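Participant: First the structure, which I've put down as structure tokens, then a few questions once you've had a look.
Numbering (my numbering), first residue to last: -14 to 351.
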């Protein structure tokens, strides 16, 4: 236990003494957050995604869906229940929800006889009126096209807009959790790979092996030191985000800390694998960069995962960074609990176990 604490303190001293590395490790994420947040922080985007709840399952309801799909400005997201669709609306995943109630086709036929149009419920985001108004106009054009197929051209369907109170999330609210996840990835995967490879080349690991020091003690000390530093750095980034952009943590800090720990362990394990297969410190950096660079763009750090091309989705959903950014974002923006993020925790846990097993097979003292 004494060796463990001595190694932990020694690792912390190494970080603190190298002020240039410490400064840029912390300064770069903050600089990136401030720059992107200043230019794009209040942007919400104008793409219109419409949730479509079809309770009628008739030829008429399918026809309306096809008309909406034909409009290139609309991305139609079909949902099986109104509750799920409204939940997506509140979280900002869709901008409008169109509900086609049961009996829609029958009422459409009756509207031809009595001359009264059928009212179609359309729910929109009250906090983003610009996109909501565009979306309502697009839906109106679609139902008007359906109505004009009637012989007398009288509107058979009109929309009934209903405001729904939602979270007013900005791009900076989306960005900050991604920045924290990016920092965890870089500090641990890239940092561990370079440091361990350097120590091996300088003979430090060989001298450690010649002592009574156990491998698990060495790794435990590394983990503890990096957890302390990651926690401190994440806290500083969140504090700056709060002071500069008024970014809130709506969920539990305990859940947030739990995923910082899981992310640290997962990327440290990958860093140990890279250090094991890299022959020199010079090769460790490019290998880590080759793996980390695609993760930053595919893992939802800067852009929503759902916007990735369809053929990339299977790859995206197995990346540890994708699940870390999702967990951090859901906790901070929506206030999700740890139990509701069970999938993210399990995937990160699987990466921790699998990567440490591989690391134990590839790790070399010299």
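C-beta: ideal position from N, C-alpha, C; glycine also. Note that the coordinates shown come from a computational prediction; the quantities given were computed from them, not determined experimentally.
1. Could you give the distance in angstroms between the alpha-carbon of residue 145 and the alpha-carbon of residue 122?
2. Going by beta carbon distance, what residues of the same chain come within less than 7 Å of residue 235, once the five residues before and after it are set aside?
3. Measuring alpha carbon to alpha carbon, tell me which of 340, 232 and 14 ends up nearest residue 169.
4. Please state whether the Cβ-Cβ distance between residue 282 and residue 163 is less than 8 Å.
5. In this structure, does DSSP put residue 108 in helix, strand or coil?
6. CB-CB under 8 Å to residue 175, same chain, minus the five flanking residues each way: which ones, in chain order?
7. Rounded to whole angstroms, what's the CA-CA distance from residue 71 to residue 339? Just pull it up for me.
8. Going by C-alpha distance, which of 208, 177 and 160 is nearest residue 315?
9. Exposed or buried, residue -9, counting other C-beta atoms within 10 Å across all chains shown (16 or more means buried)?
10. For residue 296, count neighbouring C-beta atoms within 10 Å of its own C-beta (all shown protein chains included) and say buried if the count is 16 or more, exposed if not.
11. When the Cα of residue 83 is compared with those of 67, 95 and 76, which residue comes out closest?
12. Does residue 360 come out as helix, strand or coil in the three-state DSSP assignment?
13. For a test of the three-state rule: what should DSSP assign to residue 230, helix, strand or coil?
14. Do residue 61 and residue 124 have their CB atoms nearer than 8 Å?
15. For residue -4, does the count of other Cβ atoms within 10 angstroms reach 16, so buried, or fall short, so exposed?
16. Would residue 239 be called buried (16 or more neighbouring beta carbons within 10 Å of its own) or exposed?
17. Give the single residue among 34, 55 and 76 whose Cα lies nearest to the Cα of residue 63.
18. Output yes or no for whether 8 Å exceeds the beta carbon distance between residue 242 and residue 216.
19. Let me know if residue 12 comes out buried or exposed under the rule of 16 or more other beta-carbons within 10 Å of its beta-carbon.
20. Answer with buried or exposed for residue 310, where buried requires no fewer than 16 other C-beta atoms within 10 angstroms of its C-beta.
21. Would you say residue 284 reaches chain D, if we count a Cβ-Cβ gap shorter than 8 Å as a contact?
22. For a quick check, are the C-beta atoms of residue 357 and residue 18 less than 8 Å apart?
23. Using only the alpha-carbon positions, how far apart do residue 343 and residue 336 sit?
Facilitator: By the coordinates alone:
1. CA-CA distance, residue 145 to residue 122, rounds to 12 Å.
2. Excluding residues within five positions, the ones whose Cβ falls inside 7 Å are 317, 318, 319 and 320.
3. The shortest C-alpha separation from residue 169 is found at 14.
4. Remark: C-beta atoms of residue 282 and residue 163 do not approach each other more closely than 8 Å.
5. DSSP places residue 108 in strand when its eight states are reduced to three.
6. Taken in chain order, the residues that qualify are 256, 270, 273, 274 and 277.
7. One Cα belongs to residue 71, the other to residue 339, and the distance between them is close to 38 Å.
8. The shortest Cα separation from residue 315 among 208, 177 and 160 belongs to 160.
9. In this structure residue -9 is exposed. Its beta-carbon is surrounded by fewer than 16 other beta-carbon atoms within 10 angstroms.
10. The residue in question, residue 296, is exposed, as its Cβ has fewer than 16 Cβ neighbours within 10 Å.
11. Scanning 67, 95 and 76 for the CA closest to the CA of residue 83 turns up 67.
12. Residue 360 lies beyond the stretch modelled for the chain, which goes from -14 to 351, so this question has no answer here.
13. Secondary structure at residue 230: helix, using DSSP grouped into helix, strand and coil.
14. The Cβ-Cβ distance between residue 61 and residue 124 does not fall below 8 Å.
15. Answer is buried; the Cβ neighbour count reaches 16.
16. Residue 239 is exposed by the Cβ-count criterion.
17. Minimum Cα-Cα distance from residue 63 among the listed residues 34, 55 and 76 corresponds to 34.
18. It is a contact, given that the beta carbons lie within the stated cut-off.
19. By the 16-neighbour rule on beta-carbons within 10 angstroms, residue 12 is exposed.
20. Per the 10 Å Cβ criterion, buried.
21. Absence of chain D from the displayed structure is noted, only one protein chain being present.
22. A query on residue 357 cannot be resolved here, the shown segment of the chain reaching from -14 to 351 and no further.
23. Taking the straight line joining both Cα atoms gives about 10 Å.
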